[in-house]
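For reference, the structure discussed in these notes is given below.
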Amino acid sequence: MPAIAYLECSRCHYRIWNESSSAAVMPASVCPRDGGALYVRYDMEALKVRTRRERPAELAARRRASLGMWRYAEVLPDVTPVSLGEGWTPLRQSRRYAGLMVKDEGVNPTGTTEARGMAMAVSMVASYEARQKGVRPVVASSPGLAAYAAAGAMKAHLFLPRELALAHYLEVVAHGAQVHLVDGSYAECERRVEEEMRRRMGPETGAEDPWFNLSALREPFRVEGDKTLGYELVEQFGWMYPDALLYPRDSEMSLIGVWKAFEEMEELGWVTGRRPRVYVGQSAEQGFAAERDEMVLEIVASSGGKAVDLDGRAIPAALQEWGREEGMLLSQHGAAAAAAYASLLVSGEMEPGQRVVVVNPTDGMRDAEGLAKAMHLHPPVSLPTSLPVGGIITPV
Ligand SMILES: [Zn+2]
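If you read the sequence shown in the numbering used here, its first letter stands for residue 36, the second for the next number, and so on.
Take a look at the structure:
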């Protein structure tokens, strides 16, 4: 596994390193100059020399050991994994469209592609805290953190919308996380996390940052986990790039990670050729605002892709088509990416037969209420006609 050379700001390229201990074990957050997100950088020259000789044999051995995303250990920080079995998810071929494949990230633990980043970030915190006196609580606005915090023996604080899906509420309670319900969206929850972090850093408490903030781009290691999806895609395509990637608008972290993976793989000589065009499916009312949105737009533009605006009917239509004709229950996010494909086919910007990957970032069933609403489904309202003594429902 490589030593981390330094952390680099994604905005001003300021470098952070620590000579006494590896940057890997520093409790890093964001760029001290401008608050930009930090990328983990390795000694690529040393890595090139090593992997040129060892990669095929090592990868084959790890494949047999089925270590999921940790099969890419040579390009990940040197850490003992806190793993629930994330990564190495299936690439499913469409039955209707030649060349179209769905990368089904919903089969990850916690039902989301975020499991990759959470596993890595929690592993890093666990590794750092093992050298310290106590383990500090972790905080974020992602329900998927709860399981990883439990696995890493950490207390987790989760700021989540009051209108939380039942499955997520069950999940965070079951894993023993402290839930803070917020009136508003996930964006509002993230704002509350920032506020809480500032309050805890403030002079009135005298405490120095008693929580680890594992929110998106507020620490550098989630991207290191997220990037494994990019390595996986290229490996699943026989160490080649697909022609295009279709993402939903809300999976910024995954796309940022995948793009970093492509950059690293090119530097290592693991892949050549033109990077895939990136298309982002978004409903018309979604706008781009936050730092990670800027990063996503930059990726989309540099890839030669674009953001595809979808009308209100496109996502439910894609959900139904993929459910009925493909046997795949996508999430609303995955359906947005699939709807973007359909739209690009119609406009002629995508040609049939091109090798295209739709990323389904989450398991549809985790958001059963949202999915039902999008498909205009209502739970049955009438009770069974017979209820035997004891309350066991028998077939009518
Ligand atoms: Zn900076």
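For every residue, glycine included, the Cβ atom is placed at its ideal position computed from N, Cα and C.
Check	Outcome
Let's see if you can read the secondary structure: which residues bound the alpha helix (DSSP H) around C47?	C47 -> no alpha helix (DSSP H), and no H or E assigned at all.
Beta carbon of E140, beta carbon of V394: below 9 Å?	yes
Helix, strand or coil, according to DSSP, for L249 in the structure here?	coil
Taking S177 as part of the beta strand (DSSP E), name the residues at either end of that continuous run.	Taken as a continuous stretch (DSSP letters only), S177 belongs to no beta strand (DSSP E), as it is neither H nor E.
Which residues are close to ligand 1, meaning CB closer than 5 Å to any heavy atom, in chain order?	C44, R46, C47, Y49, C66, R68, D69 and G71
What does the alpha-carbon distance come out to for the pair V335 and V173?	32 Å
Decide if Q367 is buried, meaning its Cβ has at least 16 other Cβ atoms within 10 Å, or exposed.	buried
With distances taken between CB atoms, is the gap from M300 to D261 smaller than 9 Å?	no
Output the distance between the C-alpha atoms of L201 and Q128, rounded to the nearest integer angstrom.	31 Å
By a C-beta neighbour count over all protein chains shown, 10 Å radius and 16 as the cutoff for buried, is C47 buried or exposed?	exposed
Quick check on P414: buried or exposed, where buried means 16 or more other Cβ atoms within 10 Å of its Cβ?	exposed
Which residues mark the beginning and the end of the beta strand (DSSP E) in which R127 is found?	L126 to Q128
Tell me where the alpha helix (DSSP H) around L119 begins and ends.	L119 -> no alpha helix (DSSP H), and no H or E assigned at all.
Whole angstroms is fine: what's the gap from S13's alpha carbon to R359's?	Any answer about residue 13 is impossible in this case: the structure gives the chain only from 36 up to 431.
Could you give the distance in angstroms between the alpha-carbon of G134 and the alpha-carbon of D346?	25 Å
Assuming V217 contacts R197 (C-beta within less than 8 Å), just tell me the rounded distance between them.	7 Å
List the whole-angstrom C-beta distance separating V228 from A175, where the pair is believed to meet the contact cut-off of C-beta under 8 Å.	7 Å
Since D344 sits in a beta bridge, which residues does DSSP pair it with?	Q317
Over the uninterrupted alpha helix (DSSP H) stretch that includes K494, give me the two end residues.	Only positions 36 to 431 of the chain appear in the structure, and residue 494 is not among them; the question remains open.
When the Cα atoms are used, what is the spatial distance from V208 to E230?	23 Å
Beta-carbon separation of V117 and E259 under 9 Å?	no
According to DSSP, is Y276 helix, strand or coil?	coil
Just confirm the distance between the C-beta atoms of Y276 and R312, as a whole number of angstroms; I'd bet it's less than 8 Å.	About 10 Å; that fails the 8 Å criterion.
Could you check the C-alpha separation between R235 and V160 for me, to the nearest Å?	19 Å
Roughly how many whole angstroms lie between the Cα atoms of T145 and V391?	26 Å
What three-state label does DSSP hand P351 in the structure shown?	helix
Count the other CB atoms, across all protein chains shown, that sit within 10 Å of the CB of K138; report buried if there are 16 or more and exposed otherwise.	buried
Compare the beta carbon distance of H210 and F194 with 9 Å and say whether it is the shorter of the two.	no
Please classify A125: is it buried, with 16 or more other beta-carbons within 10 angstroms of its beta-carbon, or exposed?	Checking the sequence, you will find Pro at residue 125 rather than Ala. Result: exposed.
Do the CB positions of L379 and V343 come within less than 9 Å of each other?	yes
Using DSSP bridges, identify the partner residues of T397.	T147
What is the rounded straight-line gap between the Cα of G169 and the Cα of R151?	25 Å
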